[in-house]
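Numbering (the working numbering), first residue to last: 2 to 394.
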């Protein structure tokens, strides 16, 4: 009996020592959490610490399980005696992230955060402070305006909305005219993406104040597309025939852009209404739309930007009459983690494609956002780089 007890004591000591060792291997969470800049006024949660961890907290006394869902990972929260659930995520990439809470199997927004449109719904978002966030910080510099513009679309027979950035001084000199960038959002987002998540106006205000970018107008419209009428819809669970996205998927927005949006902007704002002073860019889905539209209409746009949205190959250029001669700049960008994970969109290796058209004589720029993936910090940085190259003499 004594031998058995002694053996059990040895096992218990060994297990406890192993447990302590395992726990000591886990780095301690740095307790310097602060309320996120994207919180609703006065709300203390969610919070972010210097490691980039997100701490969520919500009162749900009758819930059985609560989780924080961010970057496609769910983290269990722990309930205290008062019914408040609290928990932390692993360190996140710098920049903006969509997230949600799961309460007993139901996905809900966090009542502590502001709401942003992404993933096809209004939901929670959080900004993890970035080392380079100064380029989109609110500063005491001259500021432009983000204008909400409602208009009627003849091609769609419906009312639409876009947001238009006009640079500092736009209303001071009524004789001056400006180039225009048409800037598109990604899938599951809408025309609010670039003004809200993208910090478009602050990026531009700061660049212009520093003398690093020309003053130009930016139009941010809704590029959400509907299934083409002439393409059969696949049944649930089936793969679309003919590849993805379906043939003609960008035709609807292309028609609206060319027939409605551009003429409306040229009529309503003091634009330089020619190909030389017109650019198009977009992120993810918006980059794919940019590719299709600019290849088809090099007579309309002179500068092309694709952020995490594929690339332009020599085959594309050879099949697009006038593209090589008329386009002044092709800008391609990705987050470094996208390239590491080979999430590069459609059309092959973007760096190789860009190098090839550069060797053929086109002006190109390939930008990689360090330590980010398919996310808004990659695209904020991309706009910051792209804007400095636009409409230069």
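We treat Cβ as the ideally placed atom computed from N, Cα and C, and that holds for glycine.
- Within the region 223 to 299, complete alpha helix (DSSP H) segments of at least 4 residues are found at 252 to 257, 263 to 269 and 286 to 297, given in chain order.
- Here the region 151 to 162 does not lie against the region 122 to 137, with fewer than 3 beta-carbon pairs under 8 Å apart.
- For residue 160, the enclosing beta strand (DSSP E) stretches over residues 159 to 167.
- Using a C-beta cut-off of 8 Å, the region 59 to 66 makes no contact with the region 27 to 39, since fewer than three inter-stretch Cβ pairs fall below that distance.
- Secondary structure of residue 352 (DSSP, three-state): helix.
- Beta-bridge partners of residue 117 (DSSP): 124.
- Ranking 72, 93 and 67 by CA distance to the CA of residue 85 puts 67 first.
- Taking C-beta separations shorter than 7 Å and ignoring five residues to either side along the sequence, the partners of residue 140 in its chain run 207, following chain order.
- For residue 96, the enclosing beta strand (DSSP E) starts and ends at 96 to 104.
- When 290, 147, 386 and 236 are compared, the shortest CA-CA separation from residue 219 is found for 147.
- Cβ contact annotation for residue 38 (same chain, cutoff 7 Å, sequence separation greater than five): 128, in chain order.
- With 16 or more other Cβ atoms inside 10 Å of its own Cβ, residue 215 counts as buried.
- Residue pairing for residue 149: DSSP places it in a beta bridge opposite 164.
- Assigned with DSSP and collapsed to three states, residue 333 falls in strand.
- Residue ranges of uninterrupted alpha helix (DSSP H) with 4 or more members, entirely inside the region 296 to 330 and ordered along the chain, are 315 to 319 and 324 to 327.
- Closest by C-alpha distance to residue 96, out of 134, 103 and 294, is 134.
- For residue 378, the enclosing alpha helix (DSSP H) begins and ends at 377 to 388.
- In this structure the region 217 to 232 lies against the region 160 to 167, because at least three pairs of beta carbons, one per stretch, are closer than 8 Å.
- DSSP, reduced to helix, strand and coil, places residue 36 within a strand of the structure shown.
- Counting other Cβ atoms within 10 Å of its Cβ, residue 43 stays below 16 and is therefore classed as exposed.
- Considering only 311, 242, 53 and 107, the residue with the shortest C-alpha distance to residue 285 is 311.
- A residue is called buried when at least 16 other Cβ atoms come within 10 angstroms of its Cβ; residue 342 does not meet this threshold and is exposed.
- Selection 225, 370 and 276 evaluated against residue 250 yields 225 as nearest (Cα-Cα).
- The region 191 to 210 makes no contact with the region 244 to 263: fewer than 3 CB pairs, one atom from each, lie closer than 8 Å.
- In this structure, residue 325 sits away from residue 303, with a CB-CB distance that is not shorter than 9 Å.
- The beta carbon of residue 287 is closer than 7 Å to those of 185, 186, 187, 224 and 310 in its chain, skipping five residues each way along the sequence.
- In this structure, the beta-carbon distance from residue 64 to residue 89 does not fall below 9 Å.
- In the displayed model, residue 154 falls within a strand according to three-state DSSP.
- In the structure shown, the three-state DSSP call for residue 135 is helix.
- Annotated three-state conformation of residue 221 is strand, per DSSP.
- A check of alpha carbon separations from residue 130 across 192, 149, 111 and 52 identifies 52 as the nearest.
- The C-alpha of residue 120 lies about 30 Å from the C-alpha of residue 264.
- For residue 358, the CB contacts under 7 Å within the same chain, skipping 5 residues up- and downstream, are 313, 315, 318, 331 and 365 in chain order.
- Comparing alpha carbon positions, the residue from 230, 190, 295 and 173 closest to residue 255 is 295.
- The three-state reading of DSSP puts residue 208 in helix, counting H, G and I together.
- Rounded to whole angstroms, the gap between the alpha carbons of residue 122 and residue 361 is 43 Å.
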